[in-house]
Amino acid sequence: MSNVSHARSDLSGHPDASEMRARYDRVMGGRDVALVDAPVFLVGLYCAVSPWVLHFTASQPALVTHNLVMGIAIAVLALGFTVMPERMYGLSWAMCAIGAWIIVSTWVVGNSPDAGIVINNIIVGGLTVLLGVVCAGAAARTRST
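Structure follows, in structure tokens:
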């Protein structure tokens, strides 16, 4: 049996320590907006379930499908931002476009929606645009450094 009691607990003497530190800094460099990932996911989930929360499944069947699909798309983007931030933050502008579409789609997809549906989609779309701009700004800041 070998004696491992002399093993050090730190990696400062490791020959690749500087390379590992540089890689860690590069990977985690764009994670200054990690706190935005959860709100993006929650906005997506709310968008997906909002037809059932506001009870407009019978009066606006086209908007039900639309909000479900858009909510799932936003939630998938949020999961991508969390799992692969270096690759996915380039899609932040797509999230802004999705948010703008959610606002406009209330009148394009819907059939004379009532005030509750309109306000719901304006708030969800506005939050999506806002969070997309925050993520896009972080991505641009990360690329410039």
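Sequence positions in the sequence shown follow my numbering and run 1 to 145.
Think of the CB as a built atom: it goes at the ideal place given N, C-alpha and C, for glycine as much as any other residue.
Whether residue i touches residue j by CB criterion (8 Å)
| i | j | result |
| --- | --- | --- |
| residue 124 | residue 43 | yes |
| residue 74 | residue 103 | no |
| residue 48 | residue 68 | yes |
| residue 93 | residue 136 | yes |
Counted within 10 angstroms of its Cβ, other Cβ atoms place residue i as buried (16 or more) or exposed
| i | result |
| --- | --- |
| residue 51 | buried |
| residue 66 | buried |
| residue 116 | exposed |
| residue 110 | buried |
| residue 138 | buried |
| residue 84 | exposed |
| residue 13 | exposed |
| residue 106 | buried |
Nearest-angstrom Cβ-Cβ length linking residue i and residue j, presumed shorter than 8 Å
| i | j | result |
| --- | --- | --- |
| residue 134 | residue 36 | 5 Å |
| residue 91 | residue 41 | That belief does not hold up - the Cβ atoms of residue 91 and residue 41 are roughly 14 Å apart, past 8 Å. |
| residue 131 | residue 95 | 7 Å |
| residue 45 | residue 71 | 6 Å |
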